[in-house]
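The numbering used here numbers the first residue of the sequence shown as 2 and each following residue consecutively. Backbone N, C-alpha and C fix where the C-beta goes; we use that ideal spot for every residue, glycine too. Remember, it's a predicted structure, so these values are computed and weren't measured experimentally.
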Amino acid sequence: MRVLSMAESSMNRIALDIHDGPVQYLFTALSLLAGIQNDADTLAPGTDLTPRLARVATLLESSLYEIKFFLGAFRPPEFRQHTMVSLVEGLVIQHEDWTGATVKLTIDQVPADLPLPIKISFYRIVQEALSNAYHHAGVDYVNVHIWSTDTQLGLEVVDDGMGFIPPDFDASRDVTHNEYIGLYGMRDRIQLLGGVFQLDSKPGAGTRIRAEVPLYG
């Protein structure tokens, strides 16, 4: 039973990595292409679309890059090679470059030697939260705060967007309904680490995502 449980946990992590990584890149690429298509009739003749198409190409290349590594080792090697701080800083720069949004990133006393599962999970949660804020919340400014204490690592992502009615995480999950798959994925990542996940949102009041996990299990 323990082997089956470990295998299920591993498969859950792989599924979440695919959803929060390549799927998000592809989703953003499709959004950018839709924007180009919508603007096609109003663009002046000779308008240079090269910069916008280059952003789409970069997103597709990033998605292909991660998929290749998932097929081989199920995780990109950068997670081992870099600290979580540098990974998240790179993610924020990438998000701002691709979307034109602004992210205020605050990092307080985060250890450099975090366990790999924590680095992967926090990176993916920030990635998913930024994607949600851009695509669904209708905002182009997000606050991200990561901190640590002697025993805990914390993360908070806040936007002042349109908000929504969150799913009931305490109720039985309908696996056939994928509307909140990313939110359940965040919650599942934190639970796999023995932590606590909190989501606060309501229509017209923005969204706040907060997570805390034990630093070293």
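Buried versus exposed call for residue i [16 or more other C-beta atoms within 10 Å across all chains shown]
i      : result
Ala81  : The question names Ala, yet the displayed sequence has Arg at residue 81. Looking at its Cβ environment, which holds fewer than 16 other Cβ atoms inside 10 Å, Arg81 is exposed.
Tyr26  : buried
Ser64  : buried
Tyr135 : buried
Leu31  : exposed
Ser202 : buried
Gly196 : buried
Asp189 : buried
Pro46  : exposed
Gln128 : buried
Asp114 : exposed
Ile210 : buried
Leu44  : exposed
Glu213 : buried
Residue i Cβ short of 7 Å to the ligand ATP heavy atom set
i      : result
Pro167 : Only the bare structure without any ligand can be found here, which leaves the ligand ATP out of the picture.
Secondary structure of residue i, DSSP reduced to three states
i      : result
His146 : strand
Gln192 : helix
Gly155 : strand
Val140 : coil
Asp109 : strand
Asp114 : coil
Asp21  : helix
Pro215 : strand
Asp98  : helix
Asp161 : coil
Inter-residue spacing [alpha-carbon to alpha-carbon] between residue i and residue j
i      : j      : result
Leu34  : Val145 : 28 Å
Met85  : Phe123 : 8 Å
Asp109 : Glu97  : 21 Å
Thr103 : Asp171 : 33 Å
Asp40  : Leu50  : 11 Å
Asp151 : Ile166 : 34 Å
Thr59  : Pro112 : 31 Å
Cβ pair residue i, residue j closer than 8 Å
i      : j      : result
Leu106 : Val89  : yes
Val158 : Gly207 : no
Trp148 : Gly155 : yes
Pro168 : Leu184 : yes
Ile182 : His83  : no
Asp141 : Gly186 : no
Asp42  : Arg125 : no
Gly22  : Glu62  : no
According to DSSP, residues forming a beta bridge with residue i
i      : result
Ser202 : Thr208
Thr103 : Tyr142
Val197 : Glu213
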